[in-house]
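K.L.:
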Amino acid sequence: MHLDIDAFFASVEQLTRPTLRERPVLVGGTGGRGVVAGASYAAREFGARSAMPMHQARRLVGAGAVVLPPRGSVYRVVSARVFRLVRDAIPVIEMLSFDEAFGEPGELAGATVADVTDFAEHLRARIRDVVGISASVGFGSGKQIAKIASGLAKPDGVMAIPPSRELAFLHDLPVRKLWGIGPVSGDRLHRLGIETIGDFAVMSDLEVVSVLGATLGPALHRLAQGIDDRPVAERASAKQISAESTFARDIVDLDQLRPAIDTAAEGAHRRLLADGRGARTVVLKLRRSDMSILTRSTTLAAATTELGVLTAAAQRLALDPRSVGPIRLVGVGFSGLTAVQQFSLFGDLEEALPAEAVTADGFDTADVEAAFVAAGPAANADPVSDREAADDASAPPAGWQTGTDVYHLEHGHGWVQGSGHGVVTVRFETRATGPGRARTFPADDAALRRADPIDSLAWPQTGSVEHD
Numbered sequence: 001m002h003l004d005i006d007a008f009f010a011s012v013e014q015l016t017r018p019t020l021r022e023r024p025v026l027v028g029g030t031g032g033r034g035v036v037a038g039a040s041y042a043a044r045e046f047g048a049r050s051a052m053p054m055h056q057a058r059r060l061v062g063a064g065a066v067v068l069p070p071r072g073s074v075y076r077v078v079s080a081r082v083f084r085l086v087r088d089a090i091p092v093i094e095m096l097s098f099d100e101a102f103g104e105p106g107e108l109a110g111a112t113v114a115d116v117t118d119f120a121e122h123l124r125a126r127i128r129d130v131v132g133i134s135a136s137v138g139f140g141s142g143k144q145i146a147k148i149a150s151g152l153a154k155p156d157g158v159m160a161i162p163p164s165r166e167l168a169f170l171h172d173l174p175v176r177k178l179w180g181i182g183p184v185s186g187d188r189l190h191r192l193g194i195e196t197i198g199d200f201a202v203m204s205d206l207e208v209v210s211v212l213g214a215t216l217g218p219a220l221h222r223l224a225q226g227i228d229d230r231p232v233a234e235r236a237s238a239k240q241i242s243a244e245s246t247f248a249r250d251i252v253d254l255d256q257l258r259p260a261i262d263t264a265a266e267g268a269h270r271r272l273l274a275d276g277r278g279a280r281t282v283v284l285k286l287r288r289s290d291m292s293i294l295t296r297s298t299t300l301a302a303a304t305t306e307l308g309v310l311t312a313a314a315q316r317l318a319l320d321p322r323s324v325g326p327i328r329l330v331g332v333g334f335s336g337l338t339a340v341q342q343f344s345l346f347g348d349l350e351e352a353l354p355a356e357a358v359t360a361d362g363f364d365t366a367d368v369e370a371a372f373v374a375a376g377p378a379a380n381a382d383p384v385s386d387r388e389a390a391d392d393a394s395a396p397p398a399g400w401q402t403g404t405d406v407y408h409l410e411h412g413h414g415w416v417q418g419s420g421h422g423v424v425t426v427r428f429e430t431r432a433t434g435p436g437r438a439r440t441f442p443a444d445d446a447a448l449r450r451a452d453p454i455d456s457l458a459w460p461q462t463g464s465v466e467h468d
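Taking UniProt numbering, the leading residue of the sequence shown gets 1, the next gets one more, and so forth.
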């Protein structure tokens, strides 16, 4: 089984902000270099999609587009709740990211398509009733078929492919549908006249190796022939946790770089706390305006979760942009993760080993397709790294940014719809309220303050269970 939450980021925004249901929602960076992390199905009808530059998506959707910054903490909590329900039905699951996973229900071995579909519908209904979002499910005799089937079942559907139909189903599909065939390998195969998975399946072993290499080629060839015996297994814990921001304007001096490092360290620290381990090694990543990457790292005397210690270590690694050139991206990563921590009561942790030399290697974060880097409480795993960077896709401007969660002493929890000219407009609603009313206040209204985004879920036990 492969389960994939439909339009996850946008669906969570619509869940917690009911006014946005059925609206074309774009989640991602809002600056000049912003990238779409997620798009609702209403936005996809205009051609918007994940990994597209935000300015392009906004042009496609038009004036009706609702653009929101990602709220990683909320997505982690929703993912945790969804996949606890999945684990109730299937104890062992293999998380691919915060919104998708493989499972292998033992009770469905040898089951009919009707039995399999009933199982999926029960699970999907449970997710819809408890969480409030939809998921699509695909079934097959192996991971490849199941993942393709769930994609074809979207949105909000089920597709089960019986073994007797798998080869016919698989071989009629475009070769790019094969999990592992990307744009480059797809173009190579296209130039050879290979258009379908069936065309690829009948290629000789020698041809496959010559086109796709001796490692990747044979593995994909087996999948194209319907041979997929990979087991479902829990994924290992994350080896590194990180956060990064891309800036609309390049950073050109150290005074600008310092707060950017603080912000990245705070973002990585939130994920470190969610992971439950301490970090011993701190890595600073700087991407220059020419797209080259500089990294430096330092190792502490012992692992810690103390933000001050970790941030100070990252700051010691800073390089002056006036010496190395303008910087467009700043990231901080934590590695050497361990459950054994030592708290710096006497400051001994701040005596770190010397920083390693600057290199051209970056730590494992991506510049967004949709992006999450650290394992959340749902996964007990390391979700695909390009699922987290969107949480920091661009540096937020000062003031009341659109999408910011706020709390008003009289009206309760809401979110900023817009601000400017000394006023801010807030829509007061949560998951539990239904569509709410918008009200406008002076931007300096003392009764209005920033709120925890997780409160928009308005779930009982959110403050305890979901954060554990």
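Glycine included, every Cβ here is placed at the ideal spot set by N, Cα and C.
(1) Tell me which same chain residues have a C-beta within less than 6 angstroms of the C-beta of L173, skipping the five on either side of it?
(2) For the ligand SAH, any of its heavy atoms closer than 7 angstroms to the Cβ of D118?
(3) So A39 packs on A10, CB below 8 angstroms; how close in whole Å?
(4) In this structure, how does DSSP classify V35 when only helix, strand and coil are distinguished?
(5) Going along the chain, which unbroken runs of the beta strand (DSSP E) with 3 or more residues stay wholly within the stretch 15-101?
(6) Leaving out five residues on either side along the sequence, give the residues of the same chain with a beta carbon under 8 angstroms from the beta carbon of K154.
(7) For G182, which option in R288, G217, G331 and H408 has the closest C-alpha, if you only look at C-alpha atoms?
(8) Is DSSP giving L448 helix, strand or coil here?
(9) Take H221 and list the residues in its own chain whose beta-carbon comes closer than 6 angstroms to its own, dropping the five residues that flank it on each side.
(10) Which one of R188, D405, S323 and S73 has the shortest CA to CA distance from V210?
(11) So, helix, strand or coil for S289, using DSSP?
(12) If you compare alpha carbons, which of E104, I251 and G110 is closest to E94?
(13) Considering only their Cβ atoms, is the gap separating G436 from T16 smaller than 8 angstroms?
(14) Over what stretch of residues does the alpha helix (DSSP H) that includes L3 continue unbroken?
(15) State yes or no: is the C-beta of A279 within less than 8 angstroms of the C-beta of L337?
(16) Of all the options A264, I127 and G34, which has the alpha carbon lying nearest to the alpha carbon of P53?
(17) Quick one: using the 10 Å Cβ neighbour count with 16 as the cut-off for buried, is K239 buried or exposed?
(18) Taking the alpha carbon of D255 as the reference point, which residue from S242, I133 and I327 has its own alpha carbon closest?
(19) For L170, tell me which candidate among G142, G193 and G186 has the shortest Cα-Cα distance.
(20) Excluding sequence positions up to five away, which residues of its chain have a Cβ less than 8 angstroms from the Cβ of V74?
(21) List the residues that DSSP assigns as beta-bridge partners of W400.
(22) Mind checking which residues open and close the alpha helix (DSSP H) that includes H122?
(23) Can you tell me where the beta strand (DSSP E) holding E244 begins and where it ends?
(24) How many Å lie between T440 and L257 at the Cα?
(25) To which residues of the same chain is R126 closer than 7 angstroms at the C-beta, ignoring the five residues directly before and after it?
(26) How big is the Cα-Cα spacing for R59 and A201?
(27) Return the bridge partner residues of P442 from the DSSP annotation.
(28) Using the Cα positions of V67 and F247, report the straight-line distance between them to the nearest angstrom.
(29) Between the beta-carbon of H2 and the beta-carbon of F98, is there less than 8 angstroms?
(30) From D118 to A149, what distance separates their C-alpha atoms?
(31) Tell me T215's beta-bridge partners as DSSP assigns them.
(32) What does DSSP give as the partner residues of G142 in its beta bridges?
(33) So I161 is in the alpha helix (DSSP H); what residue range does that whole segment cover?
(34) What are the start and end residues of the alpha helix (DSSP H) that includes R316?
(35) What whole-angstrom Cβ distance do Q144 and L223 have, given they're in contact under 8 angstroms?
(36) With a threshold of 16 other CB atoms inside 10 Å of the CB of L206, please say whether the residue is buried or exposed.
P.N.:
Taking the structure as given:
(1) Answer for L173: I197, listed in chain order.
(2) The model depicted lacks the ligand SAH and carries no ligand whatsoever.
(3) Yes, they are in contact, since the Cβ atoms of A39 and A10 sit about 6 angstroms apart, within 8 angstroms.
(4) Of the three classes helix, strand and coil, the one that applies to V35 here is strand, per DSSP.
(5) Listed in chain order, they are 25-28, 36-39, 66-68 and 93-97.
(6) Short of 8 angstroms from the beta carbon of K154, and not among the five residues preceding or following it, lie these beta carbons of its own chain, in chain order: D4, D6 and S136.
(7) Looking at the Cα atoms, G217 is the closest of the given residues.
(8) If DSSP states are grouped into helix, strand and coil, L448 belongs with the strands.
(9) Taking C-beta separations shorter than 6 angstroms and ignoring five residues to either side along the sequence, the partners of H221 in its chain run V208, following chain order.
(10) Strictly speaking, residue 210 in this sequence is Ser, with Val absent from that position. The option with the nearest alpha carbon to S210 is R188.
(11) Note: S289 maps to coil in three-state DSSP.
(12) Of the candidates E104, I251 and G110, the one whose C-alpha sits nearest the C-alpha of E94 is E104.
(13) No.
(14) Boundaries around L3 are those of the beta strand (DSSP E), H2 to I5, since no alpha helix (DSSP H) includes it.
(15) Yes, Cβ-Cβ distance for A279 and L337 is below 8 angstroms.
(16) Residue G34 is the option with its Cα nearest to P53.
(17) K239 should be labelled exposed.
(18) Measuring C-alpha to C-alpha distances from D255 to each of S242, I133 and I327 identifies I327 as the nearest.
(19) Per the Cα distances, G142.
(20) Sequence-distant partners of V74 (beyond 5 residues in either direction) whose C-beta falls short of 8 angstroms from its own C-beta, in its chain, are V12, T16, P453, I454, S456 and L457.
(21) Beta-bridge pairing by DSSP links W400 to no other residue.
(22) Per DSSP, H122 is one residue of the alpha helix (DSSP H) stretching across V113 to V130.
(23) Per DSSP, E244 belongs to the beta strand (DSSP E) from Q240 to I251.
(24) Approximately 35 angstroms, taken between the alpha carbons.
(25) Taken in chain order, the residues that qualify are L85.
(26) R59 and A201 have their alpha carbons spaced roughly 40 angstroms apart.
(27) Under DSSP, P442 shares a beta bridge with V423.
(28) Between the C-alpha atoms of V67 and F247 there is a straight-line separation of about 17 angstroms.
(29) Cβ atoms of H2 and F98: not closer than 8 angstroms.
(30) C-alpha separation (whole angstroms): 16 angstroms.
(31) As DSSP reads the structure, T215 sits in no beta bridge.
(32) Partner(s): none; G142 has no beta bridge.
(33) Taken as a continuous stretch (DSSP letters only), I161 belongs to no alpha helix (DSSP H), as it is neither H nor E.
(34) For R316, the enclosing alpha helix (DSSP H) begins and ends at L307 to R316.
(35) Sure, about 5 angstroms apart at Cβ, within 8 angstroms.
(36) Exposed, since its Cβ has fewer than 16 Cβ neighbours within 10 Å.
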